[in-house]
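Undergrad:
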Amino acid sequence: MVTEEFITGFCKLQNQTRIVICEVEKRADGSQELISSDCCYGKCEHSKDCLLMGQIK
């Protein structure tokens, strides 16, 4: 099942608090995978230690 989630936190790249909308696939085994987000996660220089997207993982 795919759901939309709103994540709030501090973005290091923009140096401000953000609300990020994410599409997350939740599987029957309880795992989840990020499908898309309205930020540059994955391409951003801070992706490895992103405080926002760390909430999804």
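Heads up: the sequence shown begins at 61 in the working numbering, then just goes up one per residue. All C-beta atoms, glycine included, are put in the ideal place defined by N, C-alpha and C.
(1) Helix or strand or just coil, what does DSSP make of Gly129?
(2) For Gln74, which three-state DSSP category applies?
(3) What is the DSSP secondary structure of Lys86, reduced to helix, strand or coil?
(4) Per DSSP, Glu64 forms a beta bridge with which residues?
(5) Rank Ile116, Gln115, Cys104 by C-alpha distance to the C-alpha of Lys72 and give the top, closest one.
TA: With the structure as the only source:
(1) Only positions 61 to 117 of the chain appear in the structure, and residue 129 is not among them; the question remains open.
(2) Within the sequence shown, residue 74 is the residue found at index 14, counting from 1. If DSSP states are grouped into helix, strand and coil, Gln74 belongs with coil.
(3) Counting from one through the sequence shown, the residue named residue 86 turns up at place 26. Strand, per DSSP.
(4) Your numbering for residue 64 matches position 4 in the sequence shown. Paired residues: Glu83.
(5) Counting from 1 along the sequence shown, the entry for residue 72 is found at position 12. Here the closest residue by C-alpha is Cys104.
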